[in-house]
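S.K.: Here the sequence shown stands for residues 56 to 227, where the numbers follow this note's numbering. Here a beta-carbon is modelled for each residue, glycine too, at the ideal position from N, C-alpha and C. The structure under discussion is supplied below as structure tokens; questions concerning it will follow.
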Amino acid sequence: MRDFYIFLGIIFAMVGGVWLYNFTKEQKINQLKEISYMVYLFEKGKISKEEILKATKGTPFYPYVLAKLKEFEKLPKTIEDENLKKFFTERLLSSYYLKGKGKYKDIVEKSKKFKKEDFNYPSVKSLEAFSFEKLGNKTKAIPIWSSLKENYPNTYFGNLARIKLYLLREEK
Numbered sequence: 056m057r058d059f060y061i062f063l064g065i066i067f068a069m070v071g072g073v074w075l076y077n078f079t080k081e082q083k084i085n086q087l088k089e090i091s092y093m094v095y096l097f098e099k100g101k102i103s104k105e106e107i108l109k110a111t112k113g114t115p116f117y118p119y120v121l122a123k124l125k126e127f128e129k130l131p132k133t134i135e136d137e138n139l140k141k142f143f144t145e146r147l148l149s150s151y152y153l154k155g156k157g158k159y160k161d162i163v164e165k166s167k168k169f170k171k172e173d174f175n176y177p178s179v180k181s182l183e184a185f186s187f188e189k190l191g192n193k194t195k196a197i198p199i200w201s202s203l204k205e206n207y208p209n210t211y212f213g214n215l216a217r218i219k220l221y222l223l224r225e226e227k
């Protein structure tokens, strides 16, 4: 009989644990639904910037809201996945390049954080080389283009590097 009560206690503990897990999961889903609705209201202009930033901070919606607000510099800091961080940092550097004046030095500085193993390394190095060219420092751009040509043959970046090297040598 004692074993039966122990068995019954274990069963109740397991059922209680499953119930508690499902309850907390349901609470989290409901909370995310509420935040999702707030994001919808923000997109319709019914919630202020400050309110939506406060409501979404620490949730999966926060990077989306930052992107909607065009606060791209804050975006990489809010993302945990390293590849996504690098992707958004690359997008930020691209936007710096397109904005032009005063941002080329930032591109050169931030591109140093990328490693050869990163999936978007050739893209970032291309931005760095373009930036050196815009800064008037073609002697620093040429080795970057040469490296891209050598390490990424028969790819977009390798072909781009080959053409850029040809054009830079023609300018001399």
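Here's a check: name, in chain order, each residue in its chain whose Cβ is nearer than 6 Å to the Cβ of THR144, leaving out the five neighbours to either side.
M.R.: To locate residue 144, count along the sequence shown from 1; it is residue 89. Same-chain partners within the cutoff: PRO131.
S.K.: So for PRO118, helix, strand or coil by DSSP?
M.R.: What you label residue 118 is simply residue 63 of the sequence shown in a count that begins at 1. Residue state, collapsed to three classes: helix.
S.K.: Does the separation of the CB atoms of ILE134 and PRO118 fall below 8 Å?
M.R.: Here residue 134 refers to the residue found at position 79 when the sequence shown is read from its first residue. Here residue 118 refers to the residue found at position 63 when the sequence shown is read from its first residue. Yes, they are a contact pair.
S.K.: Between which two residues does the alpha helix (DSSP H) harbouring ILE90 extend?
M.R.: Numbered from its first residue, the sequence shown carries residue 90 at position 35. Run containing ILE90: 57-98, per the alpha helix (DSSP H) assignment.
S.K.: Indicate the three-state DSSP secondary structure (helix, strand or coil) for ASP161 in the structure shown.
M.R.: Translated into the one-based positions of the sequence shown, residue 161 becomes position 106. Helix.
S.K.: Can you tell me where the alpha helix (DSSP H) with GLU106 in it begins and where it stops?
M.R.: Taking the sequence shown and counting its residues from 1, one reaches residue 106 at position 51. Looking at the DSSP string, the run of the alpha helix (DSSP H) that includes GLU106 is 104-111.
S.K.: What's the call for SER178, buried or exposed, on a 16-neighbour Cβ count within 10 Å?
M.R.: The residue labelled residue 178 in the question sits at position 123 within the sequence shown. It is buried - the Cβ of SER178 has at least 16 other Cβ atoms within 10 Å.
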